[in-house]
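First up is the structure itself, then whatever we jot down about it.
In the UniProt record's numbering, the protein residues as written are 1 to 69.
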């Protein structure tokens, strides 16, 4: 199994620490804390690709709307 790193934040959103856990488990938090996973390189690449594809679709739709006017 792969490990996953989480950013642990306090109730104000300030980063307290980073913890690495087995991805099947959830980080142990105290009252008022929250955790968010740190994205892996593959997840960052996939998000960038999706963002670029959406921007390209928006540009195509905008050009089509301009031609229709």
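Even for Gly, the Cβ is constructed at its ideal location relative to N, Cα and C.
Please report the Cβ distance between residue i and residue j, rounded to the nearest whole angstrom; I am assuming they are in contact, meaning their Cβ atoms lie under 8 Å.
i          : j          : result
residue 29 : residue 16 : Actually they are not in contact, since the Cβ atoms of residue 29 and residue 16 sit about 10 Å apart, beyond 8 Å.
residue 6  : residue 46 : About 19 Å separates the two Cβ atoms, so there is no contact after all.
Could you please give me the residues that DSSP links to residue i through a beta bridge?
i         : result
residue 9 : 15, 34
residue 4 : 21
Classify residue i: buried if its beta carbon has 16 or more other beta carbons within 10 angstroms, exposed otherwise.
i          : result
residue 37 : exposed
Between the options, which has its C-alpha nearest residue i's C-alpha?
i          : options   : result
residue 76 : 40, 32, 2 : This structure does not reach residue 76, given that the chain is present from 1 up to 69, and the question cannot be answered.
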